[in-house]
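Note that this note's numbering has the sequence shown beginning at 20, numbered continuously upward. This report concerns only the one structure given below.
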Amino acid sequence: MGEPELTDRSWGGTKLADRRAARRRTLLDVAERLAGEEGCAAVTVRSVCRGARLTDRYFYESFTGRDDLLLAAFERVADEARSALEGAVAIGDPQREVRARAAVSAFVALVLDAPHKGRLLLLEPFADPVLGARSHLLMPAFTDLVGGQLAGTGDDIDRRLAAHALVGGLANLFAGWLHGTLDVPRERLEAHCVDLVLAATSSGSGP
């Protein structure tokens, strides 16, 4: 047998690949927090390395630069949001209200219970052109997911239009609440979002 790969070798009982993955997660955690709490302008190679207590050598083993890290942090939160919605849709309950509440609750748990994630996902794309461009590329994944749950009336164009309107409207509601420009009780916000989802999925569907 040949020599083991470098990443398979251990140091202090931990494989180098595992240590590298742990450092990458730490850098992403710091970038996510900084971007969500202080804005993307606060995310620099120096600030992230300082927060992660790592040297820039370890930064560049995982990321090519600041924008690469910021995009990775943004996409990680977007993946969490998409997975949460997919999990809510997968419950397959025949009651529309149950499905609607599950979807809204799943999204709320991510963007409101962890507001730094919500701000990174919904607010910072307006402030950072790199995130703005990526946000537009990721949007179809959310509209396709929502479109698949809409009532079976109208043609494909109708459903696509309705899905875009619903996703955009819900995103603006959550963004306004996170930004502080929509000063309403959280429970009223959640209830209104459920009503919007129910209205979009009610026509021509089952119970």
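Note that beta-carbon positions come from the ideal geometry of N, C-alpha and C, so glycine has one too. Quantities reported herein were computed from a predicted structural model and do not represent experimental measurements.
1) How many angstroms separate the CA atom of residue 88 from the CA atom of residue 133?
2) Among residues of its own chain, excluding the 5 on either side of residue 212, which ones have a beta-carbon nearer than 7 angstroms to its beta-carbon?
3) Of all the options 126, 73, 138, which has the alpha carbon lying nearest to the alpha carbon of residue 199?
4) Where does residue 23 fall in DSSP's three states?
5) Return the CA-CA distance between residue 180 and residue 81, expressed in angstroms with no decimal places.
6) With a CB to CB cut of under 6 angstroms and the five nearest residues on each side skipped, what residues in its chain are close to residue 52?
7) Are residue 96 and residue 141 close, meaning C-beta to C-beta below 7 angstroms?
8) Taking C-alpha atoms, which residue in 115, 127, 114 lies nearest to residue 103?
9) Can you list, in chain order, the residues of its chain whose CB lies under 8 angstroms from that of residue 196, leaving out five sequence neighbours each side?
10) Give the DSSP-derived three-state secondary structure of residue 204 in the structure shown.
11) Should residue 50 and residue 64 be called a contact, given that it needs their Cβ atoms to be closer than 7 angstroms?
12) Thinking C-beta only, is residue 185 closer than 7 angstroms to residue 219?
13) Near residue 110, which residues of its chain fall below 8 angstroms by C-beta distance, leaving aside the five closest residues on each side in sequence?
In short:
1) Within the sequence shown, numbered from 1, the residue matching residue 88 stands at position 69. Within the sequence shown, numbered from 1, the residue matching residue 133 stands at position 114. Taking the straight line from one Cα to the other gives about 20 angstroms.
2) Position 193 of the sequence shown, counted from the first residue, corresponds to residue 212. Within the same chain, and ignoring the five residues on either side of residue 212 in sequence, the residues whose Cβ sits closer than 7 angstroms to its Cβ are 123, 189, 192.
3) Within the sequence shown, numbered from 1, the residue matching residue 199 stands at position 180. Proximity to residue 199 across 126, 73, 138 peaks at 138, based on C-alpha coordinates.
4) Mapped onto the sequence shown, residue 23 falls at position 4. Caution is warranted here: a pLDDT of 44 is assigned to residue 23, below 50, making its placement in the model unreliable, and the coordinate value is therefore given only provisionally. Correct three-state label for residue 23: coil.
5) Counting from one through the sequence shown, the residue named residue 180 turns up at place 161. Counting from one through the sequence shown, the residue named residue 81 turns up at place 62. In this structure, the straight-line span from the alpha carbon of residue 180 to that of residue 81 is close to 39 angstroms.
6) Numbered from its first residue, the sequence shown carries residue 52 at position 33. If we look at residue 52 and ignore the five residues flanking it on each side, its Cβ neighbours are 135.
7) For the purposes of this step, residue 96 is taken as residue 77 along the sequence shown, with counting starting at 1. For the purposes of this step, residue 141 is taken as residue 122 along the sequence shown, with counting starting at 1. Between residue 96 and residue 141, the CB-CB gap reaches or exceeds 7 angstroms.
8) Indexing the sequence shown from 1 puts residue 103 at position 84. Ranked by Cα distance from residue 103, the options 115, 127, 114 are led by 127.
9) On the sequence shown, residue 196 is found 177 positions in, with the first residue counted as 1. Answer for residue 196: 131, 203, 205, 208, listed in chain order.
10) Locating residue 204 in the sequence shown gives position 185, where the first residue counts as 1. The three-state reading of DSSP puts residue 204 in coil, since its state is none of H, G, I, E or B.
11) As a working mapping, residue 50 is identified with position 31 in the sequence shown. As a working mapping, residue 64 is identified with position 45 in the sequence shown. Between residue 50 and residue 64, the C-beta spacing is not below 7 angstroms.
12) For the purposes of this step, residue 219 is identified with residue 200 of the sequence shown, where counting begins at 1. For the purposes of this step, residue 185 is identified with residue 166 of the sequence shown, where counting begins at 1. Contact: yes.
13) Here residue 110 refers to the residue found at position 91 of the sequence shown. So the qualifying residues of the chain are 117, 118, 121.
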